[in-house]
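From first to last, the protein sequence lines stand for chains U and C. Using this note's numbering, you'd call the opening residue of the first sequence number 2 and step up by one each time. Using this note's numbering, you'd call the opening residue of the second sequence number -14 and step up by one each time. Beta carbons are placed, not taken as given, at the ideal position from N, Cα and C, and that holds for glycine. Here the structure is a predicted model, which is why all the values come from computation and not from measurement.
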Amino acid sequence: MLVAALAAGCASPEERSPDASDAGPVTGPFVDHSAEAGLDFHHFNGMSGRYYMAEIISPGGALVDYDGDGDLDIYLLQGTMLGSAGVDEAPRPPRHPTPLTDRLYRNDLAATTGGDRSPRLVDVTRRAGLAASRYGVGVAAGDYNGDGQVDLYITNLGPNQLLRNAGDGSFDDVTAAAGVGDTGWSVPATWLDFDRDGRLDLYVGNYVDYPFDEPVLCRDLTGARDYCGPASYPSQPDRLYRNRGDRFEDVTAESGLGSAPPAPALGAVAADFDGDGWPDLYVANDGQANNLWINRRDGTFSDEALLAGCAVNGRGKAEGSMGVDAADFDGDGDLDLFMTHLVAETNTLFRNDGGGLFTDHTDVAGLGAASRTRTGFGAGWLDYDNDGLLDLVAVNGAVKKIEALARAGDPFPLHEPNQLFRNLGGERFEEVDGGEPFTLSEVSRGALLGDLDNDGDTDLVVANNNGPARLLINRIGQDRQWVGARLTVGRPARDALGARLATTAPDGTERWGRVRADGSYAAANDPRVRVGLGDGPPPASVRVHWPDGRRQVWLRPPAGRYLVAAARAPTP
Amino acid sequence: MAAATGRTLPGGGCTGAYALKRRAAAWLLAVAWLAAGCPGRPAAELEEVPHPDLSAAESAVREQVAVQRETVDELLAAEPADAAAAAAALAELGRVYLLYDFPQAAEACFTNAARLAPDEADWQYLLAYITTLQGRPEEGRALYRRALELRPGFQPALLRLGRVELELGQYDAARGRFEAALAADPEAAAAHEGLGKLAAAAGDPAAAAVHFERALELAPRADSLRYALGQTYRDLGRTEEARRELAASGDVAVPIVDPLISPLGTLAESAQFYLVQGGEALEDGDYERAVAAYGAALERDAASFVAIKGLAYALEKLGDLDGAVATLERGLAEADSGEAERGERAEILRVLGGLEALRGRDAAAAERFAASLALDADQPDARMKLANSLSRLGRFGEALPLYDRLLEEKPEHAADILLRRATALVNLGRGDEALADFRRAVELRPDDRPLRLRYADALAHLGRAAEAARQRRLAGGGGDAEVLLRTARQQRDAGRYQQALDGFTAVLDQAPERHDVRFERAQLLGHLGRYAGAVADFRRVIEAEPRHAAARHGETTALILLERYGEARVRLNEALRIFSLDARLAHLQARLLATVPEAPVRDGRLALEVARRLLEVDDGVRVRETFALALAESGRTAEAAELQRRLVSDAESRGDRELAADLRAKLETLDSGRAWWASGPQEILDATLPDDR
């Protein structure tokens, strides 16, 4: 029994990690910088041996510059006991001090002896007045009230929370006043200005209706207990809240989002998939067809995923979609989709053929076989080596017992290594050595993407279930040229979510980046845009496409630092 | 566990005695089985087969695995060694592991089988399958190729290899496999599917569509093909067809039939396996398969609540309400004798109540619902159904407090509950309270026209004509489909059939997707003797809802009345493939086959078979007469006459002279040694009307 194994005090995930003293020379692009930076977060999933499905779904997290000092801070989600038991009854006590709450780490970038900068994290949870002690799942970050401070929307197992950034280093819980306290089991959420009135609206993806008092008992094919899947429970409907300035209005029904049968949402990305200048919404559902909500520019959406070719995989099968991310990996100017799936399925790459019509490109890209034995959650596009081609990261962890681990007496037999895939030239990918952190076997869920040391490449924070959060610093990307930008809109400035930036090389080659915070799994990411330039010459120009359709061009932009550009706010 | 994998025994010895007598070591050590008369061949090196953790598995599974492992042990330890037998036993063990989702153990077994019998294509094939499944398609490809070398033309290997090569982007090679498969079997749907995918990848959607369409013809249940076809139509710009196919698509893959993987399910010993199968069958809407799977689960675990529920549900879907009720009653007995949760008993009773209500037995339904609520009061759905059953029974006084409580429990359904409570209040003569409820319901759903019309009816019923008229006006103009429909129904009920027909037609002009209205029009057309029109309408209803039993019955009745007997026979056959347990349709079929005036349509033997099955569920006079007439049509007129004579006698003894006369008229024909045939449609149909004698 799982409980017995837990009580016996079997090996923890950290104990499975390779001993640093055994490590050979550092290889691969990423190194685990958690200890040096002071990241001491350890997730508690409330595992009790009752196989509550909720204990294996969290957590995500956020990379946000909450204090406006120009570097990314880290918000991490905590769990608690599930069901009626208290934390003191946990077979395996939490590693983190109680009371268990979400944690905010302020990044005080420190100069190293070599002149570089290195994240130094300070736990400012109490100082920030954060009281998020529910069972945390995910985060969406955005400045919903236009005061220039990024706010946080926390999805929970239970009522969600809107935390308004007060601008003085603290947050206020304004959920009730804002009217966005969805009480279901929410996982993804994303801010988008779907009506282009200059105010960020909010999409919340809900998973299933999970009754703790009478959970379904699920078994594997031999009859042994195992975790349930989403099909064991009714799905909960997603929500769309329109920002009315002083509060939010639930417009799920009138927007058309309520017209689809509820499906268990785990991932969401808001972006303009059909190139009409209006933000659409892609929702990744667990075991059911995904949705592509195309913005009809009149306040309503229609789900075009089936016809668009991105509802199910190329074999016509709905997959257990978890994380999802959108980016232009093939440099043709439109947004492609990558999403993670269950073991025995593949992670899936949908290539946008223009105008929002997709083709399953997984096999052509060589991404199928490598993912078939893993269950992926966090997923992201990143150009880890700044060669100008977007690569992929998938962080993994099973949702059903892995037999080989269970046989070996592992107390939490769901852990798997994470994966990094290198773009080989815009068509195919290959799995590459991501460095020592990618040899660890953990139950990873969130992958938060951002430049934590402001050196122009993409670092990672991996949020593990029932394990430590890991800060993975990219130690190679900064060796190549790059162009970065923070694109904002309005005064005070907020990130211009949806704005796009194109670099044009002297030979005419274009590379695209996009301002976004959503994507991956239950995560909020660095909204700044970075475009790797590889070993080629600096770009001849950089062009910005603002969300309202206006364009702006810089000739011979400076490389190697973040540019800042601001656009006027649209009139509500 | 010892880590002796990879060790190799000397292969030259012919005694084979080294270590192999020790069963425990048999897994760990290489096998010198070839010792018996095969010196010079290399030794086979066996991998250690992991022991999956089965501590929490059903005992049947543990036993199954233990027995199979023991068989393998014995064969590996036997002298003289029989490599082929040992390999087969290992492969079988591997298949068991594969079935229960232990791929690593399965792979070790298949690896060992292939090493023991390297020239056996089956083991290479299984190893290729598991290797590919484990995310190593390149290795899988090589192994499939090896299987094909050993057994050229091995169709499943050819098709699976084609799929692997397609996945690997080796399009030319894949094309060769699929074309070879098609040459060997022109009806290989998987080959057409593969060629379709290749054409799509090559940017030739027109060619892809041809292959996908053909594959779908050959494997109509493989609704994943509809997705591929839909995408292809999309690329061809045939958007509407694309939408239609995509809407009908599912995830049933094109099967590759082989003797190794396809029948894997037959190895299952766990109840859980069949529960999963049952669940998948329900998801696919394949209720016959669900019945079989849940039945198998119950054979292994008679108290399985999930199996009881699933079986009852599937039977209900198949129209076998009696079977569903019997299943639930058995489940209830199991629950009462075992340690089932109160909640499980409550749920069984609730579902039983629903079935009784469906059968029109509201008194029994109410009893079940009440018993369910006594076990678990926190079931608003059961309370709602109880209240509705009581209302239908006219026990409005008992229903009323239930609706009161439901208003507190289900405020989100307040409008519906108020509507029902208002109806109860009207029947209790509490008109003012009823109107107050109607008013509140209308306030909650101001745009609900049918609700407002119900309110208007109530107002009119209570003599508030002016307000009733105002509500009708608010409900919408005369062109509104709901108003038209309501009027049409009223006219039909009042016997103004032509006006009613015009009304239904007007509704359908506005809302052609209203198959319920089309069904009503079809019935009315039939009533008016316009059978051809009725057939057309019934057919459109059936196209939209193939499981619409009443439409099926209506269509065949109209066809018989049009004397299109052959067509009626065909359509009856189709209907009975879906509703194998529908007694009314079966009786019509038996009667038609036995007595239809057109000789080519008659089939005495089939009529007899159908009638015999029918008698098991319905032994009414007319069914027994149909049996007698089928006997006569089969040439057994003496037996037929004897049976008919008994029916005449029974009718006479009951004093039913009219029936006795009718039966006797046919008896005269049978006594003359001839079969009796109907003179026209009505004689066929009259006999199949519900028999309450």
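Query, Result
"Closer than 8 Å to chain U by CB, C/VAL46", "yes"
"C/ALA443 versus C/GLU428: straight-line alpha-carbon distance, rounded", "16 Å"
"Three-pair Cβ contact test at 8 Å for the region 137 to 150 of chain U versus the region 117 to 125 of chain U", "no"
"Buried versus exposed call for U/PRO30 [16 or more other C-beta atoms within 10 Å across all chains shown]", "buried"
"Buried versus exposed, by CB contacts within 10 Å (16 or more), C/SER634", "exposed"
"Backbone CA spacing between C/ARG639 and C/ARG607 [nearest angstrom]", "15 Å"
"Assumed close pair C/ALA625, C/LEU655 - CB separation to whole angstroms, cut-off 8 Å", "5 Å"
"Minimum Cβ-Cβ distance from U/GLU511 to chain C less than 8 Å", "no"
"Completely contained beta strand (DSSP E) runs for the region 428 to 463 of chain U, where each covers 3 or more residues", "430 to 433 and 445 to 451"
"C/CYS94 - DSSP class collapsed to helix/strand/coil", "helix"
"Nearest residue (CA-CA) to U/ASN353, options U/LEU441, U/ARG569 and U/ASP275", "U/ASP275"
"Interface flag, U/ALA560 vs chain C, CB-CB below 8 Å", "no"
"Below-8 Å beta-carbon distance, U/GLY230 vs any chain C residue", "no"
"Contacts of C/ASP352 in chain U (Cβ-Cβ under 8 Å)", "Checking the sequence shown, residue 352 of chain C turns out to be Glu, not Asp. The contacting residues do not exist; C/GLU352 stays about 25 Å from chain U at best."
"Short CB-CB distance (under 8 Å) between C/TRP12 and chain U", "Low confidence applies to C/TRP12: its pLDDT is 43, below 50, so where it sits in the model is not reliable enough to give any reading."
"Alpha-carbon spacing of C/PRO431 relative to C/GLU505, whole angstroms", "28 Å"
"Any chain U beta carbon closer than 8 Å to C/GLY22", "With a pLDDT of only 38 at C/GLY22, under 50, the local geometry of the prediction cannot be trusted, and the value read off the model is given with reservation. No, C/GLY22 lies away from the interface with chain U (no Cβ there is under 8 Å from its Cβ)."
"Chain U contact residues for C/VAL261, given Cβ-Cβ distances below 8 Å", "LEU222"
"Alpha helix (DSSP H) segments (min. 4 residues) lying fully within the region 431 to 493 of chain C", "434 to 446, 450 to 460 and 466 to 478"
"Residues in the region 87 to 120 of chain C having any Cβ partner in chain U nearer than 9 Å", "PHE87, PRO88, GLN89, ALA90, THR117, LEU118, GLN119 and GLY120"
"Stretch pair the region 304 to 320 of chain U + the region 367 to 377 of chain U: three plus CB contacts closer than 8 Å", "no"
"Length-filtered (3 minimum) beta strand (DSSP E) runs lying within the region 110 to 157 of chain U", "122 to 124, 137 to 143 and 152 to 157"
"Continuous alpha helix (DSSP H) stretch holding U/TRP547: start and end", "Premise fails: U/TRP547 is in no alpha helix (DSSP H) and is neither H nor E."
"Candidates C/GLY518, C/TYR279 and C/PHE290, of which the one nearest C/VAL336 by Cα", "C/PHE290"
"Chain-ordered residues of the region 222 to 244 of chain C with a beta carbon less than 8 Å from chain U", "THR224, ALA227, ARG228, LEU231, ALA232, SER234, GLY235, ASP236 and ALA238"
"C/ALA521 versus C/GLY304 - alpha carbon distance", "25 Å"
"Alpha-carbon spacing of C/ALA292 relative to C/ASP588, whole angstroms", "40 Å"
"Where the beta strand (DSSP E) through U/GLY377 begins and ends", "377 to 383"
"Distance CB(U/ALA290)-CB(U/LEU307) smaller than 8 Å", "yes"
"CA nearest to the CA of C/ALA132, picked from C/GLN119, C/VAL586 and C/TYR114", "C/TYR114"
"As assigned by DSSP and simplified to three states, the class of U/TYR211", "coil"
"Neighbourhood of C/THR96 by C-beta, 7 Å cutoff - its chain only, sequence neighbours within 5 removed", "GLU32 and LEU112"
"Cutoff 8 Å: C/ARG549 Cβ touching any chain U Cβ", "no"
"Cβ of U/GLU404 within 8 Å of any chain C Cβ", "yes"
"Minimum Cβ-Cβ distance from U/ASP23 to chain C less than 8 Å", "With a pLDDT of 47 at U/ASP23, under the threshold of 50, the modelled position of that residue is not reliable, and no figure is offered here."
"Contacts around C/LEU201, its chain only, beta-carbon distance under 6 Å, and the 5 residues preceding and following it disregarded", "LEU210"
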